[in-house]
Structures are given as structure tokens and as C-alpha cells.
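Numbering of the sequence shown is given in our numbering, commencing with residue 904 and proceeding in unit increments. We put the CB at the ideal spot given by N, CA and C, even for glycine. Below is one structure, written out as C-alpha cells; the observations come after it.
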Amino acid sequence: MSGERPTLRHVALAASVSVSAASLALRGEPGISEQTRARVQRAAEQLGYRVNTAARGLREETVKSVAILVDHHQHRYTSGPDISLFQPLFLSSLIGTLQAGSVRVTLLPSDTGLRQCEEDFDALFALALPGDLEQLSVLSRQVPVLVGATGGRVAGLHCADIDWPAAIDAVLDHLFDNGAQQPGILMVSRYPLLQKALTDIYQQWCRNHDQPDRIAVIAGPDEIPAGLHRLLRSGCDGVFAVPGYPVAFLNAVHDAALSIPGDLLFAAQAEGIREQLLRPSITTLSLEADANGHLVGEELLRAITEGARDVSCHYLLTPRASTRP
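Below, the structure written as C-alpha cells:
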């Protein structure tokens, strides 16, 4: 902690209590044993912790506060959807739900926010992961921490996630049932958790259907034409793209002198707002940004007093013209 101004979290960690217990002890509130109160006060004195009276007044006025880690660079986003649409919709719903519960919300950059934040908060949601996951592990012993980590566990933390095996199987079964006997997956490599989860789920689906897997991993939308070419050479007749980038995919199909759905069935992981307006309209697997933002917000409100737990989020498969031969 060299060079850092001590915060209530540091005091709580030194005294081996929760942040809320440390706060109650230092404010002289009832419900804390004298032994615990003395231990907290001793830790505060040893660390040189001083109560920020202005911050205390604001916290007492707004009752509780929640911090949200976001990726302001928009290139290490954990969940993998089209961040240009998913993230603002999700955050708007999440923040609105928290504010409706009289909770103050602080957005922090995932790369520096935990190191630079001088405020104390009652819960944290990591929409994007910090570079040092150990920070989250330590923090989770002091306040409820929930991670929006699509596709896998993160350092043993509680996660908000959809049932990816069920969701991916639903998309692949839909493609298969509509005539794509050799469906493949197009994935963007900068979402490692999602990439690994999708690969495992897809390969299991292929084993169940006695066929080889057809996977193209690309760095971004600029590589969609090359990824599509690799899939077509493998005999692929249906594609599920994650994230979708449907406009770039449709352009690549047009440049290859093919048509959707005539030559190729196509589904995309996307919110479906833009995709329903395209021609052809695109079948989407939506992560339901608005509904899940509200769900996570409600869960954080509960977690402040009861602790964090895993959250099963919603998804929605909407068939449209791109998978109707």
C-alpha cells in the first residue's frame, strides 16, 4: 500500500472484517461487538486512516454506492458482444436500476480504476476485467464482487453469465434443422473466455452429430472475408458469428458472389435491433442487454446486504430470414 492513501477497504482488510462492519465500527453504530470495534479502530490508527467527512455525508445521503469497471478503450471487453451497442444498452439499464434503488454509481476504467479510486463502495461489478485479477480476489473478501465474465469462471469469483451450452446448441440446432448440415463458427480472438467456451461447446456439438468442427478465428471484422473463405473451403454451409458484425459479413458474402440464405445460412450473436432492419434480416442470439442490465442491477442491490452469488442471465434466439432457406 506504499504511496496510497488508506481507505476504509484497507482498514477492513487489516481488521479482518467486512467494509460495512468497519464503517459501522468507526461511526460508533450499534450491532458491532466492542472487541471488533476496538480492532477496527486500532487498524485505522495504525494505517493513518482518516474519515472523509464530505464523502461520508454523501454516502449517508445516498445510502450505498456501487462501482462498475468498464473498458473505456473498448478492446478488452469481457463478454464479447458488439460493444458499440451492447455496452451502452446494458449500462443504461444497470445504472438506472441501481439509481432507482437509491444507490450511487461510480464508473471506473478497468485498467486503472481499482488502483486510483479513493472512494469506498459497497459492491462492485466488473463489466470488464482489470489486468490484475488478484485485485478482484482480494476485494471480494471485503465487498460483494460480481463479474460479467461470459464463457467461464474468473479467479473463482461470482459471475453473471448466460447458459452458453444451451444457447450455442440452440443456434446450431436451428441452423442444422433448417438445412445447414455442416455449420461452422466465426469467432473474434480478443475475447479469450468466450472463445474457449464456444470452442468447447461447438466441438461437443460436432461430436454429438458425428462431424468435424469448422472454426475460423479472426482478430476483428476486417478479417471476416478471410475467415469466411476458410469456412467455405471446409465445406461449411451455415455460419454462426460471435460477435456478429452482420454488415461486414453480408459484404463478404456478396464479394464472394454468394447469397444468404440461398447459398449460406447465417446467424449472429448481436442484440437484433439493427439486424432486423437488414436485407435479409439476420437471425440473432441476443444477450438481452436491457433485461440483463436490470437483472444484474437487482442482484447488486441484493448483494450489498446479503453477499454476491452467481447470476443466470437471459438470452434470446430470434429466427429471421437469414436462416430460412
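If we ignore side chains and look at the alpha-carbon of each, how far apart do residue i and residue j end up?
| i | j | result |
| --- | --- | --- |
| Ala924 | Ile935 | 7 Å |
| Leu961 | Ala1192 | Low confidence applies to Leu961: its pLDDT is 46, below 50, so where it sits in the model is not reliable, and the reading given next is rough at best. One C-alpha to the other measures close to 30 Å. |
| Pro909 | Gly951 | 7 Å |
| Leu1011 | Val973 | 6 Å |
| Arg1093 | Ala1122 | 7 Å |
| Thr1208 | Asp1076 | 42 Å |
| Gly1210 | Gly999 | 21 Å |
| Arg912 | Ser1184 | 50 Å |
| Ser996 | Val1074 | 26 Å |
| Val1008 | Gln1107 | 41 Å |
| Leu1036 | Gly1059 | 10 Å |
| Arg1182 | Gln1098 | 28 Å |
| Phe1079 | Asp1023 | 51 Å |
| Ala1194 | His1217 | 7 Å |
| Ala1028 | Arg945 | Here residue 1028 is Phe; the residue named in the question, Ala, does not match the sequence. Taking the straight line joining both Cα atoms gives about 30 Å. |
| Val943 | Leu1032 | 30 Å |
| Pro1124 | Ile1176 | 19 Å |
| His1112 | Gly1051 | 31 Å |
| Ala947 | Arg953 | 8 Å |
| Gln938 | Val1057 | 35 Å |
Do the CB positions of residue i and residue j come within less than 7 Å of each other?
| i | j | result |
| --- | --- | --- |
| Leu1039 | Val1046 | no |
| Leu1030 | Glu1174 | no |
| Val969 | Leu1001 | yes |
| Leu1204 | Gly931 | no |
| Pro1149 | Glu1126 | no |
| Cys1139 | Arg1117 | yes |
| Gly1087 | Leu1134 | yes |
| Val1006 | Lys967 | yes |
Where does residue i land, buried or exposed, given buried means 16+ other C-beta within 10 angstroms?
| i | result |
| --- | --- |
| Pro984 | Note on Pro984: pLDDT 40, under 50, position unreliable in the model; the coordinate value appears next. Pro984 is buried by the Cβ-count criterion. |
| Glu1069 | Residue 1069 is actually Ala in this sequence, not Glu. With fewer than 16 other Cβ atoms within 10 Å, it is exposed. |
| Pro1146 | buried |
| Val914 | buried |
| Asp1025 | buried |
| Ala917 | buried |
| Pro1095 | exposed |
| Gln1129 | The amino acid at residue 1129 is misidentified as Gln; the sequence shows Ala. Under this definition Ala1129 is an exposed residue. |
| Arg1162 | Strictly speaking, residue 1162 in this sequence is Ser, with Arg absent from that position. It counts as exposed. |
| Leu929 | buried |
| Ile971 | buried |
| Pro991 | exposed |
| Leu1180 | exposed |
What does residue i pair with, by DSSP beta-bridge criteria?
| i | result |
| --- | --- |
| Cys1114 | Sequence inspection shows Gln at residue 1114; the Cys mentioned does not correspond to that position. Note: Gln1114 sits in no beta bridge, so no partner. |
| His1061 | Leu1049 |
| Leu1198 | Its beta-bridge partners do not exist; DSSP assigns none. |
| Leu1231 | Since the first residue of the chain shown is 904 and the last is 1228, residue 1231 is not available in this structure. |
| Pro1086 | Gly1141 |
| Phe1028 | Ile971 and Leu1049 |
| Leu1188 | Gln1172 and Leu1220 |
| Ser1215 | Asp1064 |
| Ala1119 | Leu1089 |
Leaving aside the five residues before and after residue i along the sequence, list all residues of the same chain whose C-beta is less than 8 Å from its C-beta, in chain order.
| i | result |
| --- | --- |
| Pro1228 | Asn1081, Gly1082, Pro1164, Gly1165 and Leu1168 |
| Leu1131 | Leu1089, Ala1119, Val1142, Phe1152, Ala1155, Val1156 and Ala1159 |
| Val1214 | Leu1049, His1061, Cys1062, Ala1063, Asp1064, Leu1198, Val1199 and Glu1202 |
| Val1041 | Leu916 |
| Gln949 | Ala917 |
| Leu1101 | Gly1054, Trp1067, Ile1071, Ile1088, Met1090 and Val1145 |
| Arg1044 | Leu916 |
| Thr965 | Here the model assigns Thr965 a pLDDT of 45, short of 50, so the residue's position is not dependable, and the following value carries that caveat. Here the set comprises Ser1005, Val1006 and Arg1007. |
| Ala1206 | Ala1026, Pro1047, Leu1049 and Arg1212 |
Among the residues of its own chain, which have a CB less than 6 Å from the CB of residue i, if the five just before and after it don't count?
| i | result |
| --- | --- |
| Leu1219 | Ser1189 and Glu1191 |
| Thr1186 | Ala1170, Pro1222, Arg1223, Ser1225 and Thr1226 |
| Ile1071 | Ile1104 |
| Phe993 | Ala1192 and Gly1196 |
| Ser1137 | Arg1117 |
| Arg940 | Ala928 |
Beta-carbon within less than 7 Å of residue i's beta-carbon, same chain only, minus the 5 sequence neighbours each way: which residues are those?
| i | result |
| --- | --- |
| Gly1034 | Asp1014 |
| Gln1114 | Gln1085 |
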